[in-house]
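Residue numbers (my numbering), protein chains in the order written: chain A, 1 to 408; chain B, 1001 to 1320.
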């Protein structure tokens, strides 16, 4: 329909209308179709989740997919964006007709809440709770899109909605589509340029189509420089660059595009150094990590944030420059598990903690100190019922003292 | 009620009962006798009598009303300065009972507070200065910000000498009717590292097994309180297996719940038992010292310990 018009943006013009037009998202579509069965024609089944979340990197077709769902189920779509959620009045203004009027031509309605991770944790906490109550009350299915569903602020949403992962579009699919578009537009482009555009897009189809259009519109190709999209690099890519490539100044900004805090990144690096470096390189890298940690300690103690510069340089360029030569090959980077292990161990030892607490207050020392002297303390308390009474230990705590372990 | 926990049962309740720190005791006692004390800062190692002196001060000042007029906080337990402030505020709101015109707040391990938190503490100290006196304790007075130091009378506690700890232990041995082998005292002092609380705890822990304390029994007890299996970690590292060394270390630290500093202490001792050249031993010791320093400065001890393990790997390769 639209393709008959003279549409200026190719990205708009070639937006898919049907499930079968969508490339590389078979799994997601299967899941959606299942769900759609439940709300066909906008009717909701009792007890089922009422919202779908499409999550994935930019330019992979989340919003498009939502429109396709509406099209295929012959529903009308009502779009809200994240900022509307904050404004209750405006939201109702938009939704009122959606909820009250009967559509003349189509039978059902779908509410689309686009880019929900635009809601910031600090300023619009209300936005998320508003969204949750919308899901609670809605008579119509809701589709939500988000780049990163694992943000902390979105955790309540993860429980209320069905998650559908939209993957990065594979290189070959993007390239094929580029060629197809050029053909139907009657444009000719050097095949090297197509490859370059495709690589730079990094799985972002919208970016690829936009670049393609720019390139095709320009006469002289040599002048076009496609800057690499400043796309979110995941931590695996960042690690790969740091550990494999020769240290370069670009690395200084590498963590800006990783969607993790520097503290978390530090744990990833800590975990994975020994999978890449051995011997002298290992020692050098850990020495730099150790230095970075010292700056982190100083930032914390003195609240002097400029030290962050040094922490960042040591963690990126410093770790990278610890090796003698760049290397190739695939390394299976591991997720850091230390924090989890500590947490699990604390869970297991929570009685030790509660006993230490009671003891510490009783004898005027700190809890941490009591914890570190627990072997002695345990021995003293274990064999003396009067002390157990003095400290008002519970039966479970006493049982713990007599538990399986040796002295620990 | 008399406590069955010996560190409490035998805790001195009068100035005259205290061992060691004679100068400090004399000065604090005379301040107490004048019924007016300034803010006090007690600095010194663990188990040298800081909390005990604070308690005696309070009990002497307030007699039977001491509990109503005394608040004890531990800075390393209380989550953040705001909790400390809130508790101080509630406590300081009511007037003191009895003839002493102020109440006393004892803030233990005050050096656990960040400099910012200490600034806030200083404000709190000023705000309640006419109703409350603070006694702060810390291991290192250098970690207390100058403005607080300048508002306090500072007392530096020394590590207890062997004769002091001996005196305490002898009294307990007598009262608890224990029998001790002649050289036990020596070993107990070694094991206590000058920390009186630890000496008493080791004694009670051993006595809970048998009132007849032999050298053997005591030595088993002391080594049971030390981190175990550190040698295994170092052996892995020297043989070049960093992964195993690291995994084992974390396992030990979690299972035995020991801190980074305790690991360092054990590593430093263990270096002497390693099959490496004397020159390497010195270098590894130096490295260990550097890492101990970094643990104090840094934020994550386990990262520092991994850096140490990496130097052991290097030493195992015959480099550095």
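By construction, the Cβ of each residue, glycine as well, lies at the ideal position given by its N, Cα and C atoms.
Just how far apart, CA to CA, sit residue 140 of chain A and residue 36 of chain A?
-> Sequence index remark: in the first chain, residue 140 of chain A carries index 140 (1-based). Sequence index remark: in the first chain, residue 36 of chain A carries index 36 (1-based). Rounded to whole angstroms, residue 140 of chain A to residue 36 of chain A spans 12 Å at the Cα level.
Name the one or two DSSP bridge partners that residue 1133 of chain B has.
-> The count along the second chain starts at 1 and reaches residue 1133 of chain B at position 133. For residue 1133 of chain B, which the question treats as bridged, DSSP gives the partners B:1104.
Could you give the uninterrupted runs of the alpha helix (DSSP H) lying entirely in the segment 291 to 367 of chain A, keeping only those of 4 residues or more?
-> 307 to 313, 338 to 348, 350 to 362
Cβ atoms of residue 260 of chain A and residue 235 of chain A: under 8 Å apart, would you say?
-> Walking along the first chain from the start, residue 235 of chain A turns up at place 235. Walking along the first chain from the start, residue 260 of chain A turns up at place 260. It is a contact, given that the beta carbons lie within the stated cut-off.
Do residue 51 of chain A and residue 142 of chain A come within 8 Å of each other at the CB atom, strictly closer than that value?
-> Walking along the first chain from the start, residue 142 of chain A turns up at place 142. Walking along the first chain from the start, residue 51 of chain A turns up at place 51. Cβ distance < 8 Å, so residue 142 of chain A and residue 51 of chain A count as in contact.
Residue 240 of chain A to residue 1315 of chain B, Cα distance in whole Å?
-> The sequence position of residue 240 of chain A within the first chain is 240, counting from 1. The sequence position of residue 1315 of chain B within the second chain is 315, counting from 1. Spanning the two alpha carbons is a distance of roughly 28 Å.
Taking residue 271 of chain A and residue 243 of chain A to be in contact with their CB atoms under 8 Å, please state how far apart those CB atoms are, rounded to whole angstroms.
-> Taking the first chain and counting its residues from 1, the one referred to as residue 271 of chain A is at position 271. Taking the first chain and counting its residues from 1, the one referred to as residue 243 of chain A is at position 243. About 12 Å separates the two Cβ atoms, so there is no contact after all.
Contact list for residue 192 of chain A against chain B, beta-carbon separation under 8 Å = The residue given as residue 192 of chain A occupies position 192 in the first chain. Those do not exist, as residue 192 of chain A stays about 44 Å from chain B at its closest Cβ, beyond 8 Å.
Cut-off 6 Å between Cβ atoms - residues of its own chain near residue 29 of chain A, not counting five sequence neighbours on either side | Sequence index remark: in the first chain, residue 29 of chain A carries index 29 (1-based). Closer than 6 Å at Cβ, skipping near neighbours: 19.
Residue 1145 of chain B (DSSP reduced to helix, strand or coil) | Residue mapping note: residue 1145 of chain B aligns to position 145 of the second chain, counting from 1. Three-state DSSP puts residue 1145 of chain B in coil, outside helix and strand.
List the endpoints of the continuous alpha helix (DSSP H) containing residue 67 of chain A.
-> Position 67 of the first chain, counted from the start, is the residue given in the question as residue 67 of chain A. Counting along the chain, the alpha helix (DSSP H) containing residue 67 of chain A begins and ends at 62 to 72.
Which whole-angstrom value describes the C-beta separation of residue 1192 of chain B and residue 1213 of chain B, a residue pair presumed to lie in contact below a C-beta threshold of 8 Å?
-> As a position in the second chain, residue 1192 of chain B is number 192, starting the count at 1. As a position in the second chain, residue 1213 of chain B is number 213, starting the count at 1. That pair is no contact at about 14 Å.
Coil, strand or helix - residue 402 of chain A by DSSP | What you label residue 402 of chain A is simply residue 402 of the first chain in a count that begins at 1. In the structure shown, residue 402 of chain A sits in coil (DSSP, three-state: anything other than H, G, I, E or B).
Alpha carbon of residue 222 of chain A to alpha carbon of residue 285 of chain A, nearest angstrom | Within the first chain, numbered from 1, the residue matching residue 222 of chain A stands at position 222. Within the first chain, numbered from 1, the residue matching residue 285 of chain A stands at position 285. Any reading at residue 222 of chain A is ruled out, since the residue's pLDDT is 43, under 50, leaving its predicted position unreliable.
So, do the segment 1125 to 1140 of chain B and the segment 1094 to 1102 of chain B have three or more beta carbon pairs nearer to each other than 8 Å?
-> yes
Do you know how far the Cα of residue 147 of chain A is from the Cα of residue 385 of chain A?
-> Residue mapping note: residue 385 of chain A aligns to position 385 of the first chain, counting from 1. Residue mapping note: residue 147 of chain A aligns to position 147 of the first chain, counting from 1. Their backbone Cα atoms lie some 58 Å apart in a straight line.
Other residues of its chain near residue 225 of chain A: CB distance less than 7 Å, five sequence neighbours each side excluded = In the first chain, counting from the first residue as 1, residue 225 of chain A sits at position 225. Caution is warranted here: a pLDDT of 47 is assigned to residue 225 of chain A, below 50, making its placement in the model unreliable, and the coordinate value is therefore given only provisionally. Cβ neighbours of residue 225 of chain A beyond the five flanking positions: none.
Shortest alpha-carbon distance to residue 1287 of chain B belongs to which of B:1091, B:1175, B:1305, B:1262?
-> Translated into the one-based positions of the second chain, residue 1287 of chain B becomes position 287. Ranking B:1091, B:1175, B:1305, B:1262 by Cα distance to residue 1287 of chain B puts B:1305 first.
Would you verify that the beta carbon of residue 1074 of chain B is, or is not, closer than 8 Å to some beta carbon of chain A?
-> Looking up residue 1074 of chain B in the second chain gives position 74. Chain A, which has a Cβ nearer than 8 Å to the Cβ of residue 1074 of chain B, makes this yes.
Can you tell me which of the three DSSP states residue 1002 of chain B falls into?
-> On the second chain, residue 1002 of chain B is found 2 positions in, with the first residue counted as 1. Reduced to three states, the DSSP call for residue 1002 of chain B is coil.
Excluding five sequence neighbours on each side, which residues of the same chain lie with their C-beta closer than 7 Å to the C-beta of residue 171 of chain A?
-> The residue given as residue 171 of chain A occupies position 171 in the first chain. Answer for residue 171 of chain A: 198, listed in chain order.
Just how far apart, CA to CA, sit residue 1181 of chain B and residue 1195 of chain B?
-> Locating residue 1181 of chain B in the second chain gives position 181, counting from the first residue. Locating residue 1195 of chain B in the second chain gives position 195, counting from the first residue. Taking the straight line joining both Cα atoms gives about 21 Å.
Can you grab the Cα-Cα spacing for the pair residue 113 of chain A / residue 144 of chain A, in whole Å?
-> The count along the first chain starts at 1 and reaches residue 113 of chain A at position 113. The count along the first chain starts at 1 and reaches residue 144 of chain A at position 144. Between residue 113 of chain A and residue 144 of chain A, the C-alpha separation is close to 5 Å.
Taking residue 1310 of chain B as the query, report the chain A residues whose CB atoms sit under 7 Å from its CB, ordered along the chain.
-> Numbered from its first residue, the second chain carries residue 1310 of chain B at position 310. Going along chain A in sequence order, the residues near residue 1310 of chain B (Cβ under 7 Å) are 282, 283, 286.
Looking at the unbroken alpha helix (DSSP H) that takes in residue 192 of chain A, where does it start and where does it end?
-> The count along the first chain starts at 1 and reaches residue 192 of chain A at position 192. First-last of the alpha helix (DSSP H) with residue 192 of chain A: 191 to 201.
Buried versus exposed, by CB contacts within 10 Å (16 or more), residue 219 of chain A = Numbered from its first residue, the first chain carries residue 219 of chain A at position 219. With a pLDDT of 47 at residue 219 of chain A, under the threshold of 50, the predicted position of this residue should be treated as unreliable, and no value is reported.
Can you check DSSP and say which residues form a bridge with residue 145 of chain A?
-> One-based indexing of the first chain puts residue 145 of chain A at position 145. In the DSSP output, where bridge partners are listed per residue, residue 145 of chain A has A:54.
Look at the alpha carbon of residue 1279 of chain B and the alpha carbon of residue 1268 of chain B, and state the distance between them as a whole number of angstroms.
-> The residue you call residue 1279 of chain B lines up with position 279 of the second chain. The residue you call residue 1268 of chain B lines up with position 268 of the second chain. Cα to Cα, the separation comes out at about 15 Å.
Any idea what DSSP makes of residue 246 of chain A, helix, strand or coil?
-> As a first step, residue 246 of chain A is located in the first chain; it is residue number 246 there, counting from the start. Three-state result, residue 246 of chain A: coil.
Near residue 64 of chain A, what residues of its chain come up, given a Cβ to Cβ distance below 7 Å and the 5 sequence neighbours on each side ignored?
-> Position 64 of the first chain, counting from 1, holds the residue named residue 64 of chain A. Closer than 7 Å at the Cβ level, and outside the excluded window around residue 64 of chain A, lie 15, 16.
Nearest-angstrom Cα separation, counted from residue 1261 of chain B out to residue 310 of chain A = For the purposes of this step, residue 310 of chain A is taken as the residue at position 310 of the first chain. For the purposes of this step, residue 1261 of chain B is taken as the residue at position 261 of the second chain. For residue 310 of chain A and residue 1261 of chain B, the distance between alpha carbons rounds to 25 Å.
Return the chain-ordered list of same chain residues with a C-beta closer than 8 Å to the C-beta of residue 295 of chain A, the five sequence neighbours on each side being excluded.
-> In the first chain, residue 295 of chain A corresponds to position 295, counting from 1. The answer, listed in chain order, is 307, 308, 310, 311, 314.
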